[in-house]
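Report on the structure given below.
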Amino acid sequence: MTAPLNVAILGASGYTGSELVRLLLRHPRVAIRALTADRKAGQSMADVFPQFYGLDLPKLVTIAEVDLDAVDLVFCALPHGTTQTVIADLFARKPSLKVVDLSADFRLQDPAAYAEWYGHAHQALKLQEEAAFGLVELNREAIRAARLVANPGCHSTTSILPLVPLLRAGQIDPDGIVVVSATGMSGAGRAAKEEMLFSEVSEGTHAYGVGRHRHTAELDQEFDRAAGKPARATFTPLLLPQNRGIYATITVTLAGGATAEDLHATLAKTYGGEPFVSVLPFGRAPQSRHVRGSNRVQLGVAPDRRPDRAIVLSTLDNLVKGASGQAVQNMNLVAGFDETEGLGQLALFP
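Shown next, in the form of structure tokens:
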């Protein structure tokens with residue numbers, strides 16, 4: 001039997017960290033060697049997340065206490081803006097290490113764009129240059145060869161997957177994209193915030209980050225690359241009073257004589273062999289409940305009443321394909337495993 005891939009999870013006390021633990025405990029070729037949570041160091045994982053009671057997991061420690069000699073790959077599930085110096089230090093200590101970063105710190109290739117959207121200069125420019133954007137279905141070969149993979153954002157993944165193939169094919173107008181993307185509460189993280197209390201968010205929904213959500217920068221980057229010219233989508237995120245899930249309703253303006261049926265055919269061809277992306281029959285709308293808890297994405301295309309427009313629909317679980325499941329998929333590629341290993345769970349329904 002081959003030796004397992006030894007991994008550490010930095011930031012294991014957050015939602016994406018705990019989701020990584022949940023997924024990796026079922027992975028046949030991985031051993032969890034270290035878990036960190038600076039404010040909760042010394043506690044067990046079960047103290048923080050009782051669903052892990054009775055399972056053999058390492059105690060939570062500080063990042064400085066992790067023995068990198070015992071680790072092959074590190075997942076960074078740390079807050080934005082903190083990961084750059086942490087990862088630079090990890091590579092200084094062990095250059096052969098592999099890292100999958102779930103923060104936004106290495107997603108943007110343009111340092112000026114990073115400074116614009118995140119409010120400060122990037123602190124690890126050399127590493128930023130080598131990072132691979134970790135959207136597997138569209139960047140598989142670059143990810144295989146990378147030692148640093150930048151996991152995309154959840155809203156970004158939901159919109160980039162359906163739109164990049166259509167932009168590449170010239171079937172939609174790069175200046176005619178409107179994205180409304182609704183996400184569950186776990187996308188806001190686990191830190192205590194008054195505006196996230198149950199009584200503040202239940203029985204209603206609202207827009208947030210209107211015109212300035214940071215995932216817009218990822219859309220700009222990937223849409224520009226696909227279209228071969230600037231493509232500035234209008235992006236509005238909504239917060240839903242549910243735990244998991246993202247659902248994007250995308251209005252596009254058709255181009256090049258394409259019809260809504262043509263868009264559907266392009267997506268069906270692009271993702272026909274993909275294990276985690278399903279394109280539903282033309283005109284059928286996906287439902288977020290049908291991907292909950294899984295690493296799967298469902299896409300749909302429907303005609304608009306205006307013949308020059310179409311409606312593209314996309315849904316995934318923000319904690320799985322939108323974060324930790326995609327990170328495991330990236331890990332599988334980096335490690336040379338089948339990319340589906342440890343990710344075979346189907347949606348939890350009802």
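All residue numbers for the sequence shown refer to the UniProt record's numbering, where the first residue is 1 and numbers rise by one. Quick reminder that beta carbons are idealized off the backbone N, C-alpha and C, glycines included. Just so you know, these numbers come straight off a predicted model, no measurement behind them.
Just to check, is the beta-carbon of R39 closer than 7 Å to a non-hydrogen atom of the ligand NAP? Here there are no bound small molecules, and the ligand NAP is not part of this structure.
Alpha-carbon spacing of R289 relative to P350, whole angstroms: Indexing the sequence shown from 1 puts residue 289 at position 289. Indexing the sequence shown from 1 puts residue 350 at position 350. Approximately 8 Å between the Cα atoms of the pair.
May I ask you to verify whether the segment 239-247 touches the segment 264-277, counting CB pairs closer than 8 Å and requiring at least 3? no
For G184, does the count of other Cβ atoms within 10 angstroms reach 16, so buried, or fall short, so exposed? Taking the sequence shown and counting its residues from 1, one reaches residue 184 at position 184. Buried: at least 16 other Cβ atoms inside 10 Å.
Would you report the Cα separation of F282 and V149, rounded to the nearest angstrom? Here residue 282 refers to the residue found at position 282 when the sequence shown is read from its first residue. Here residue 149 refers to the residue found at position 149 when the sequence shown is read from its first residue. Answer to the nearest angstrom: the Cα atoms are 34 Å apart.
Would you check if the segment 333-341 and the segment 25-36 touch, i.e. whether three or more CB-CB distances between them fall below 8 Å? Taking a contact to require three or more Cβ pairs closer than 8 Å, the segment 25-36 and the segment 333-341 qualify as touching.
Is it true that the segment 212-226 meets the segment 108-115, where meeting means three or more beta-carbon pairs spaced less than 8 Å apart? yes
Run the CB neighbour count on R39, radius 10 Å, all protein chains shown included, and call it buried at 16 or more, exposed below. As a first step, residue 39 is located in the sequence shown; it is residue number 39 there, counting from the start. By the 10 Å Cβ count, R39 comes out exposed.
Under the rule that 16 or more other beta-carbon atoms within 10 Å means buried, what is E141, buried or exposed? Walking along the sequence shown from the start, residue 141 turns up at place 141. The residue in question, E141, is exposed, as its Cβ has fewer than 16 Cβ neighbours within 10 Å.
Could you check what DSSP says for G325 in three-state terms: helix, strand or coil? For the purposes of this step, residue 325 is taken as the residue at position 325 of the sequence shown. Correct three-state label for G325: helix.
Counting only the same chain and skipping the five closest in sequence on each side, list residues whose C-beta sits under 8 Å from that of N330. For the purposes of this step, residue 330 is taken as the residue at position 330 of the sequence shown. Excluding sequence neighbours, N330 sits near V100, G134, V136, I143, V149, N151.
For S181, count neighbouring Cβ atoms within 10 angstroms of its own Cβ and tell me buried if that reaches 16, exposed if not. Within the sequence shown, the letter at position 181 stands for residue 181. S181 is buried by the Cβ-count criterion.
Please classify L299 as buried or exposed, where buried requires at least 16 neighbouring CB atoms within 10 angstroms. Stepping through the sequence shown from its first residue, residue 299 is reached at position 299. When all chains shown are included, L299 counts as buried.
Report yes if the CB atom of L23 is closer than 8 Å to the CB atom of L343, and no otherwise. Counting from 1 along the sequence shown, the entry for residue 23 is found at position 23. Counting from 1 along the sequence shown, the entry for residue 343 is found at position 343. Their beta carbons are under 8 Å apart, which means L23 touches L343 by this criterion.
Proximal residues to P275 (C-beta, below 6 Å), its chain only, five neighbours per side dropped: The count along the sequence shown starts at 1 and reaches residue 275 at position 275. Excluding sequence neighbours, P275 sits near T340.
Would A41 pass as a contact of L60 if the rule is Cβ separation under 8 Å? Within the sequence shown, the letter at position 41 stands for residue 41. Within the sequence shown, the letter at position 60 stands for residue 60. Cβ atoms of A41 and L60: closer than 8 Å.
Could you pull the DSSP bridge partners for C76 from this structure? In the sequence shown, counting from the first residue as 1, residue 76 sits at position 76. In the DSSP output, where bridge partners are listed per residue, C76 has L10, D101.
Helix, strand or coil, according to DSSP, for T205 in the structure here? The residue given as residue 205 occupies position 205 in the sequence shown. It is coil, neither helix nor strand.
By a C-beta neighbour count over all protein chains shown, 10 Å radius and 16 as the cutoff for buried, is A115 buried or exposed? For the purposes of this step, residue 115 is identified with residue 115 of the sequence shown, where counting begins at 1. Under this definition A115 is an exposed residue.
Nonlocal neighbours in the same chain, by C-beta distance under 6 Å from A146, ignoring five residues either side: For the purposes of this step, residue 146 is identified with residue 146 of the sequence shown, where counting begins at 1. Contacts found: A132.
Would you check if the segment 292-310 and the segment 71-83 touch, i.e. whether three or more CB-CB distances between them fall below 8 Å? no
Let me know if P230 comes out buried or exposed under the rule of 16 or more other beta-carbons within 10 Å of its beta-carbon. Taking the sequence shown and counting its residues from 1, the one referred to as residue 230 is at position 230. Burial call: exposed.
Can you grab the Cα-Cα spacing for the pair P165 / K126, in whole Å? Here residue 165 is taken as the residue at index 165 of the sequence shown, counted from 1. Here residue 126 is taken as the residue at index 126 of the sequence shown, counted from 1. Cα to Cα, P165 sits roughly 30 Å from K126.
Other residues of its chain near R93: CB distance less than 7 Å, five sequence neighbours each side excluded: For the purposes of this step, residue 93 is taken as residue 93 along the sequence shown, with counting starting at 1. Within the same chain, R93 has close Cβ partners L68.
Quick one: what's Q298 bridged to in DSSP? Here residue 298 refers to the residue found at position 298 when the sequence shown is read from its first residue. DSSP, once it has assigned bridges, lists S278, T315 as partnering Q298.
Starting from the Cα of T170, find the closest Cα among Y118, G204, L254, L238 and give me that residue. Position 170 of the sequence shown, counted from the first residue, corresponds to residue 170. As written in the sequence, residue 170 is Gly, which differs from the Thr given in the question. That would be L254, whose Cα lies nearest to the Cα of G170.
Buried or exposed for S96, going by 16 or more other Cβ atoms inside 10 Å? Stepping through the sequence shown from its first residue, residue 96 is reached at position 96. Its Cβ having fewer than 16 others within 10 Å, S96 is exposed.
Between which residues of its own chain and A70 is the CB-CB distance below 7 Å, once the five residues before and five after are set aside? Reading the sequence shown from its first residue, position 70 is the one you call residue 70. The answer, listed in chain order, is N6, R33.
Label P162 either buried or exposed according to how many other C-beta atoms from any shown protein chain fall within 10 Å of its C-beta, with 16 as the threshold for buried. Along the sequence shown, read from residue 1 onward, the residue named residue 162 stands at position 162. Looking at its Cβ environment, which holds 16 or more other Cβ atoms inside 10 Å, P162 is buried.
Based on the DSSP output, what are the partners of R309 in its beta bridges? Walking along the sequence shown from the start, residue 309 turns up at place 309. According to DSSP, which records beta bridges pairwise, R309 is partnered with T253.
Taking Cβ positions, are P174 and A207 nearer each other than 8 Å? In the sequence shown, the residue the question calls residue 174 occupies position 174. In the sequence shown, the residue the question calls residue 207 occupies position 207. Cβ atoms of P174 and A207: not closer than 8 Å.
Quick one, which of F75, E65, A12, I250 has its alpha-carbon nearest I172's? Within the sequence shown, residue 172 is the residue found at index 172, counting from 1. Cα-wise, what sits closest to I172 is I250.
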